[in-house]
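To keep things clear, I will list the structure first and then write my remarks on it.
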DNA sequence: CGCCATCCATACAGTTCTGTATGGAGACGA
DNA sequence: TCGTCTCCATACAGAACTGTATGGATGGCG
């Protein structure tokens, strides 16, 4: 039946709740109210809260790594790949990203998920710099700083919805030490 | 008597607990156990949990801004001020900083405290760059990126205890666009 | 000494959440 | 049609935390 829930439905709602209200809201009772069912459904699909949290984190790892690729593949203009990536990630404030990182501050499972995503993204940026002609050693350090800057930006509350200022992107590209 | 507690004692323990176990551990009952008293003491010093949280955050604002100044005043060597600051803040992993920022992700009061500290620190770095000869407009943007990078570093779990690698500091100074 | 203020213990009621046990309703195949 | 499997409701016990009410202990001070 269509009005029956799957484990995936619970996980999807978990990501929405995570982005909206943070990891402290990932509890069976409130979630069941939002889903319009009782906790009987929750405990049928998941052994306990920890199993549910693990499922939510596993799903986040997927979407967090999907986005970085999808965003680049749909690449529109004649910008360099680095500039395109920077313009993209410094545009919107990723509520989900903030929520998971807040979670990771004091939860081992969330920390592992974040670290795995960080490693993947970092090597992606480093490869981008190397492809742009930056020596490998410098590329590694600069990619690390650029990624840290993204994280700091994401977690700051200053991030406005629209386009990032051109001066910021220009400065980041200059710091990266690539032409264009 | 010396074995009596003050509100300050509760706040100090709050900062320690915050750094160790995160904001979810800032609860009257567990804290009282650690302090070796009952919740009767807690509710005598504070009207409720919200008032206690506000007191902890107010104290954090003080120490978070004290450190940046104290660290620079005790300046040892012949390095430039910027390099000295970078070496300092990229050295240790600030557990308290991480905890408060994790808290701020979904709590309005914590967010206000973080924003106030960010504004103060950011202007400090910008002034440093301007004093080093960077034009005001560029200094503002570069200070923002450097501070974001620090935040990203602090929240990453990669931070090792010892000295930061010289290559990292060199890259940061280069990105800042100052000589030295 | 007696009084009062400070600080804390204890007990109580109430809320929220967890996890389990049990059973019921609906779809679906043999 | 009769199980059977899937999904969910309900009820229960228990843990953890909040806030209040009340009284006890201690020390300072008149």
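Protein chains in written order, with my numbering: chain Y, 528 to 707; chain L, 528 to 707. All C-beta atoms in this analysis are idealised placements derived from N, C-alpha and C, irrespective of residue type, glycine included.
query	result
Status (buried if at least 16 other CB within 10 Å, exposed otherwise) for residue 653/Y	buried
Cutoff 8 Å: residue 548/Y Cβ touching any chain L Cβ	yes
Between the CA atoms of residue 625/Y and residue 608/L - distance to the nearest angstrom	32 Å
Inter-stretch contact (C-beta, 8 Å, three-pair minimum) for the segment 625-640 of chain L and the segment 546-561 of chain L	yes
Beta carbon proximity, residue 624/L to chain Y, threshold 8 Å	no
For residue 707/Y, the nearest candidate out of 634/Y, 577/Y and 605/Y (CA to CA)	605/Y
Identity of the residue in 643/L, 611/L and 591/L nearest residue 622/L by Cα	591/L
Residue 703/L, buried or exposed, once every other Cβ within 10 Å from all chains shown has been counted against 16	buried
For residue 608/Y, the first and last residue of its enclosing alpha helix (DSSP H)	608-616
Cutoff 8 Å: residue 698/Y Cβ touching any chain L Cβ	yes
Close-in-space but distant-in-sequence residues of the same chain around residue 614/Y (CB under 7 Å, 5 per side omitted)	691 and 696
Under 7 Å from the C-beta of residue 676/Y: neighbouring residues of chain L	672, 675, 676 and 679
Endpoints, alpha helix (DSSP H) assigned at residue 554/L	That residue, residue 554/L, is in no alpha helix (DSSP H); it is neither H nor E in DSSP.
Where residue 659/Y meets chain L, residues with beta-carbon distance less than 7 Å	Those do not exist, as residue 659/Y stays about 16 Å from chain L at its closest Cβ, beyond 7 Å.
Own chain residues within Cβ distance below 8 Å of residue 689/Y, not counting five before or after	618
Listed by chain order, chain L residues near residue 669/Y by CB distance under 7 Å	698
Short Cβ contact (8 Å threshold) for residue 646/Y with residue 656/Y	no
Cross-chain neighbours of residue 551/Y in chain L, by beta carbon under 8 Å	551 and 633
Three-state secondary structure (DSSP) of residue 704/L	coil
Rounded C-alpha distance that separates residue 588/Y from residue 533/L	45 Å
Straight-line gap, residue 580/Y to residue 537/Y (C-alpha atoms, nearest Å)	11 Å
Buried/exposed call for residue 683/Y, threshold 16 Cβ in 10 Å	buried
Reduced DSSP category for residue 637/L - H, G, I as helix; E, B as strand; rest coil	helix
Other residues of its chain near residue 649/L: CB distance less than 8 Å, five sequence neighbours each side excluded	670, 671 and 674
Which listed residue (679/L, 584/L and 701/L) has its alpha carbon closest to that of residue 644/L	584/L
Where residue 568/Y falls: helix, strand or coil (DSSP)	helix
Residue burial classification, residue 660/Y (beta-carbon count within 10 angstroms, cutoff 16)	exposed
Limits of the unbroken alpha helix (DSSP H) element including residue 542/Y	534-548
Within 7 Å of chain L by C-beta, residues of the segment 565-577 of chain Y in sequence order	none
Test: residue 562/L CB closer than 8 Å to a CB of chain Y	no
Within 8 Å, strictly: CB atoms of residue 576/Y and residue 546/Y	no
Test item: CB-CB of residue 679/L and residue 678/Y under 8 Å	yes
Per-residue contacts from residue 628/Y into chain L (C-beta, under 7 Å)	682
Straight-line gap, residue 665/L to residue 705/L (C-alpha atoms, nearest Å)	11 Å
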